[in-house]
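Colleague: Sharing a structure, written as structure tokens. Questions coming.
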């Protein structure tokens, strides 16, 4: 027993002495101390501050409400480890995770000597917004390691924000107007504006970037008056407000709120009564009640807020109308997608085809869709696949993933590009990412189909330590990371991903701003410039959906 005790003490002391503390930083709310780490590839030291509070715990009467700034504190706060994740269901291991006291952010800066330093340079800042269908996700260094961007002299910020019903319940009444999760993100951006210079970051060079639902969130910030002046560039990676999965009409949002109540045994047709009951149940009960919703049928989403009930509406008008009118935040933007987005959902063929069937049925409700898109044929393919998985071929999966990628991702992203190049006062850069390699995230997770799948590109800009990624500088993924990180960091620094046409890392690449022809960067083993990156069938899909959809995205 004594031997075991001293062994534990030895490792605690050894570990503690390896973690060098940072200097104390005085934020506007109170002093914090982080730790000095080293990047994985080049062993460059950087300062890490994890679990920095930016909002009051949204508990009790603050549940479902817009966030409030955290209270001030006097004593030095150790910000050396990750904070609790926001309440969510862990779909990988099937358990409830998180705590409502979750409004924390992480800051990573290349600047090690912060206070007593002759280095007064303010660096470009990139603020990451994670994806996860608005129901799951969190900031974590094993998933979104900042090392590669740190090595390119970028300050990184990433925040937790509320998810699911806790972040997006909307009843069109003053105490539940919706979009609390997006307002969390805005509050974090306000914190960045007030404090990031203390970490060597430039508050006038802030780029927001995200993937999937985080990418759609980026788009909502571009549209929101609440976020005006808080960022100066935006990068969308596989999602925009015009993707059908990213938004609910106010009536849909209200209907889903009442459905949540029914699942929890709350039977009422009164909004205020429903809200009071939902405040009285536990966060775990709320998350449990919505855990079985599929990723193609998201339980709670951003929505429009009525100015008559919301003092601070995040989104007060239809996304399409704002894009059409030019009533958005005019900043340089990068927008794009990976070539087979829905491939990542195809690892479990049965569940994937069932989800596809649901999606098809949603579109069949639009008159004419079935005839023009031959969805009966696709439904027959799906039905055959479900009834006889033993004979399901890769060709069938290719057909299904291509069409669902077109409908669920490319349609909304490409339409957003068209609106932006027409009405934005700043340059718009367009891309398609087809880079595939043996250790792509979807393959490491057991899906060996070829293509670049949804979320694979996270490993192109972050160090994803838990997914067996190579650090060999000669590996294909290391070369891809070097290029992608250089493009993203150049954009954050200069508003242009290729300001230097003779950059050896980018092999003299010049990525021009996009235009009405859809000029774009084609990302693969080699990079090239092409035109609108969609197939002819996608143009037919877009033409059909533009004809059939009611006022876009429910407005």
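Numbering (this note's numbering), first residue to last: -3 to 551. Think of the CB as a built atom: it goes at the ideal place given N, C-alpha and C, for glycine as much as any other residue.
1. Is it true that the segment 143 to 155 meets the segment 172 to 186, where meeting means three or more beta-carbon pairs spaced less than 8 angstroms apart?
2. Spatial neighbours of residue 118 within its chain, please: C-beta separation below 7 angstroms, excluding the five flanking residues on both sides.
3. With DSSP as the reference, please indicate the residues paired to residue 230 in a beta bridge.
4. Looking at residue 336 and residue 447, is the spacing between their C-beta atoms short of 7 angstroms?
5. I believe residue 428 touches residue 333 by the beta-carbon criterion, under 8 angstroms. Please report the beta-carbon distance rounded to the nearest angstrom.
6. For residue 507, is the classification buried or exposed, using 16 other Cβ atoms within 10 angstroms of its Cβ as the cut-off for buried?
7. Give the DSSP-derived three-state secondary structure of residue 138 in the structure shown.
8. Mind checking who residue 175 pairs with in its DSSP beta bridge?
9. Note down the Cα distance separating residue 36 from residue 460, rounded to an integer number of angstroms.
10. Output needed for residue 328: all residues of its chain with C-beta closer than 6 angstroms, excluding positions within five of it in sequence on either side, in chain order.
11. Alpha carbon to alpha carbon, how far is residue 203 from residue 314?
12. DSSP state of residue 105, grouped into three classes?
13. With H, G and I counted as helix, E and B as strand and the rest as coil, what does DSSP make of residue 100?
14. Going by DSSP, name the residue or residues bridged to residue 31.
15. Hey, quick one: how far does the beta strand (DSSP E) through residue 518 stretch, first residue to last?
16. Please classify residue 75 as buried or exposed, where buried requires at least 16 neighbouring CB atoms within 10 angstroms.
17. First and last residue of the alpha helix (DSSP H) that includes residue 161?
18. In its own chain, which residues sit with a C-beta less than 7 angstroms from the C-beta of residue 81, not counting the 5 before and 5 after it?
19. Under 7 angstroms between the Cβ atoms of residue 283 and residue 85?
20. Provide the residue(s) that pair with residue 122 in DSSP beta bridges, ordered along the chain.
21. For my contact list, residue 54 and residue 96 are in at a C-beta cut-off of 8 angstroms; report their separation, rounded to the angstrom.
22. Can you tell which of 239, 338 and 326 has its C-alpha closest to the C-alpha of residue 445?
23. Just to confirm, are residue 167 and residue 267 a CB contact at a threshold of 7 angstroms?
24. Please determine, among 489, 494 and 404, the residue with the shortest C-alpha to C-alpha distance to residue 425.
25. The beta strand (DSSP E) with residue 475 in it runs from where to where?
26. Going by DSSP, which residues form a beta bridge with residue 429?
27. Please classify residue 110: does DSSP put it in a helix, a strand, or coil?
28. What did DSSP end up calling residue 393 once you bin it into helix, strand or coil?
29. Return yes when at least one heavy atom of the ligand ATP lies under 6 angstroms from the C-beta of residue 323, else no.
30. When the Cα of residue 279 is compared with those of 455, 160 and 115, which residue comes out closest?
31. Indicate whether the contact test is met: 3 or more Cβ pairs, each with one atom in the segment 122 to 132 and one in the segment 204 to 223, closer than 8 angstroms.
32. Quick check on residue 346: buried or exposed, where buried means 16 or more other Cβ atoms within 10 Å of its Cβ?
33. Have a look at 211, 201, 212 and 239 and flag the residue whose alpha-carbon is nearest the alpha-carbon of residue 225.
34. Given that a residue counts as buried once 16 or more other Cβ atoms are within 10 Å of its Cβ, and exposed if not, what is residue 468?
35. Among the residues of its own chain, which have a CB less than 6 angstroms from the CB of residue 367, if the five just before and after it don't count?
36. Alpha carbon to alpha carbon, how far is residue 406 from residue 110? Give it in angstroms, no decimals.
Modeller: On the basis of the coordinates in this document:
1. yes
2. Taking the chain shown and counting its residues from 1, the one referred to as residue 118 is at position 122. Excluding residues within five positions, the ones whose Cβ falls inside 7 angstroms are 193, 196, 197 and 198.
3. Locating residue 230 in the chain shown gives position 234, counting from the first residue. Residue 230 is bridged to 204 and 329.
4. What you label residue 447 is simply residue 451 of the chain shown in a count that begins at 1. What you label residue 336 is simply residue 340 of the chain shown in a count that begins at 1. For residue 447 and residue 336, yes; Cβs fall inside 7 angstroms.
5. Translated into the one-based positions of the chain shown, residue 428 becomes position 432. Translated into the one-based positions of the chain shown, residue 333 becomes position 337. Indeed they touch by this definition, with Cβ atoms about 6 angstroms apart.
6. For the purposes of this step, residue 507 is identified with residue 511 of the chain shown, where counting begins at 1. Label assigned to residue 507: buried.
7. As a position in the chain shown, residue 138 is number 142, starting the count at 1. Here residue 138 sits in coil by DSSP.
8. Start at 1 with the first residue of the chain shown, and residue 175 comes out as number 179. Its beta-bridge partners do not exist; DSSP assigns none.
9. In the chain shown, counting from the first residue as 1, residue 36 sits at position 40. In the chain shown, counting from the first residue as 1, residue 460 sits at position 464. The alpha-carbon atoms of residue 36 and residue 460 are separated by roughly 11 angstroms.
10. As a position in the chain shown, residue 328 is number 332, starting the count at 1. For residue 328, where only same-chain residues beyond five positions count, the Cβ hits under 6 angstroms are 229, 422, 423 and 491.
11. For the purposes of this step, residue 203 is taken as the residue at position 207 of the chain shown. For the purposes of this step, residue 314 is taken as the residue at position 318 of the chain shown. Between residue 203 and residue 314, the C-alpha separation is close to 24 angstroms.
12. By one-based count along the chain shown, residue 105 stands at place 109. The answer is strand: DSSP assigns residue 105 an E or B state.
13. Position 104 of the chain shown, counted from the start, is the residue given in the question as residue 100. Reduced to three states, the DSSP call for residue 100 is strand.
14. Position 35 of the chain shown holds residue 31. In the DSSP output, where bridge partners are listed per residue, residue 31 has 17 and 44.
15. Reading the chain shown from its first residue, position 522 is the one you call residue 518. Residues 516 to 519.
16. Numbered from its first residue, the chain shown carries residue 75 at position 79. Per the 10 Å Cβ criterion, buried.
17. As a first step, residue 161 is located in the chain shown; it is residue number 165 there, counting from the start. Residue 161 -> alpha helix (DSSP H) spans 160 to 164.
18. Along the chain shown, one-based indexing puts residue 81 at 85. Answer for residue 81: 93, 94, 98, 134 and 156, listed in chain order.
19. Position 287 of the chain shown, counting from 1, holds the residue named residue 283. Position 89 of the chain shown, counting from 1, holds the residue named residue 85. Contact flag set, yes.
20. To locate residue 122, count along the chain shown from 1; it is residue 126. According to DSSP, residue 122 bridges with 152 and 203.
21. Sequence index remark: in the chain shown, residue 54 carries index 58 (1-based). Sequence index remark: in the chain shown, residue 96 carries index 100 (1-based). The pair is a contact, with the Cβ atoms about 6 angstroms apart (cut-off 8 angstroms).
22. Along the chain shown, one-based indexing puts residue 445 at 449. Checked all of 239, 338 and 326; the closest Cα to residue 445 is 338.
23. Here residue 167 refers to the residue found at position 171 when the chain shown is read from its first residue. Here residue 267 refers to the residue found at position 271 when the chain shown is read from its first residue. Yes.
24. Here the question's residue 425 lines up with position 429 in the chain shown. Among 489, 494 and 404, the Cα nearest to that of residue 425 is on 494.
25. Along the chain shown, read from residue 1 onward, the residue named residue 475 stands at position 479. Here residue 475 belongs to no beta strand (DSSP E); instead the alpha helix (DSSP H) covers 472 to 490.
26. As a position in the chain shown, residue 429 is number 433, starting the count at 1. DSSP output for residue 429 lists 334 and 519 as bridge partner(s).
27. Start at 1 with the first residue of the chain shown, and residue 110 comes out as number 114. If DSSP states are grouped into helix, strand and coil, residue 110 belongs with coil.
28. Your numbering for residue 393 matches position 397 in the chain shown. If DSSP states are grouped into helix, strand and coil, residue 393 belongs with the helices.
29. With respect to small molecules bound, the structure shown includes none, and the ligand ATP cannot be examined in it.
30. Here residue 279 is taken as the residue at index 283 of the chain shown, counted from 1. When the alpha-carbon of residue 279 is set against those of 455, 160 and 115, the nearest one is in 160.
31. yes
32. Walking along the chain shown from the start, residue 346 turns up at place 350. In this prediction, residue 346 scores a pLDDT of 49, lower than 50, which makes its location untrustworthy; the coordinate-derived value is nonetheless stated afterwards. Exposed, because fewer than 16 other Cβ atoms sit within 10 Å of the Cβ of residue 346.
33. Counting from 1 along the chain shown, the entry for residue 225 is found at position 229. Residue 201 is the option with its Cα nearest to residue 225.
34. In the chain shown, residue 468 corresponds to position 472, counting from 1. Under this definition residue 468 is an exposed residue.
35. Taking the chain shown and counting its residues from 1, the one referred to as residue 367 is at position 371. Per-residue confidence for residue 367 stands at a pLDDT of 44, beneath the threshold of 50, marking its modelled position as unreliable; the derived number appears in the next sentence. There are no such residues.
36. Counting from 1 along the chain shown, the entry for residue 110 is found at position 114. Counting from 1 along the chain shown, the entry for residue 406 is found at position 410. Each residue's Cα considered, the two are about 43 angstroms apart.
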